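Numbered per this note's numbering, the sequence shown spans residues 99 to 267.
The beta carbon of each residue, even a glycine, is placed where N, CA and C say it ideally should be.
For clarity, every value in this text was computed on a predicted model and none was experimentally measured.
Accompanying notes for the structure given below.
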Amino acid sequence: MNNQTYQLLNAQINEELYSAYLYLTFADHFEARGLRGFANWYYIQTQEERDHAMLLRRYLLNEGKSPVMEAVAKPDASFKTDLEVLEAALEHERYITAKINAIYKSAQAEDDFRTMQMLDWFVKEQGEEEDNARTQVDQYKLFGSDPMALFNLDRENAARVYAAPSLVL
């Protein structure tokens, strides 16, 4: 693994931990609004992002590299509407996708096939993450102004359960 890929993977650990903090902030927003289903959705996102960081950490350790933990920035918690939160989540997932793609390009430039293979899982995961975030935005735009429909969306989100990643490193 070249130094650039190592540095990018290390930075991605921090990005994933920041994502966990960000989504916990989103969960708190929805808790305060009484939308516990939406809060559950983002609490589960928090768990997923933390696990993504741990997967990257484990990969570095398996490759004989030392992970370097950096400070995690405080997320911006100033949202006026529920839709702003959902749109911020979609934007954030697009940002994370770009970061994963940059790591992949770095590994590819050095023919680092093990890192590319590990990142294949993250590339697929980011496709799912963006789709899920886009669906949340689209559904809220369609139904969020109707109290009964919002209640039903909230109940649907409350039914989501956490499934740990199945990536074996």
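Residue i by DSSP, collapsed to three states: which one?
i	result
K197	helix
R192	helix
K203	helix
T144	helix
L133	coil
V183	helix
D174	coil
Check the C-beta distance from residue i over to residue j and give it rounded, since I have them as a contact under 8 Å.
i	j	result
D210	T144	At roughly 30 Å, the Cβ-Cβ gap does not stay under 8 Å, so D210 and T144 are not in contact.
E161	M99	6 Å
A187	T123	Actually they are not in contact, since the Cβ atoms of A187 and T123 sit about 11 Å apart, beyond 8 Å.
E191	A151	Actually they do not touch by this definition, with Cβ atoms about 15 Å apart.
G132	N255	Rounded, the Cβ-Cβ distance is 13 Å, inconsistent with contact.
V183	F177	5 Å
Give the range of the alpha helix (DSSP H) segment to which residue i is assigned.
i	result
M167	Where M167 is concerned, there is no enclosing alpha helix (DSSP H), given that its DSSP letter is neither H nor E.
E108	In the sequence as displayed, the identity of residue 108 is Asn instead of Glu. N108 -> alpha helix (DSSP H) spans N101 to A130.
V235	F211 to F241
A256	P245 to A256
Going by the C-beta, is residue i closer than 7 Å to any heavy atom of the ligand ADP?
i	result
A261	Only the bare structure without any ligand can be found here, which leaves the ligand ADP out of the picture.
Please report the straight-line C-alpha distance between residue i and residue j, rounded to a whole angstrom.
i	j	result
E185	R232	8 Å
A207	N108	18 Å
N250	N112	35 Å
L269	E189	A question about residue 269 goes unanswered here, because the residues of the chain that appear run from 99 up to 267.
E146	P263	8 Å
M167	K203	23 Å
R258	W139	7 Å
H127	T195	24 Å
K172	R253	29 Å
A118	K239	25 Å
N230	D149	18 Å
F220	E227	10 Å
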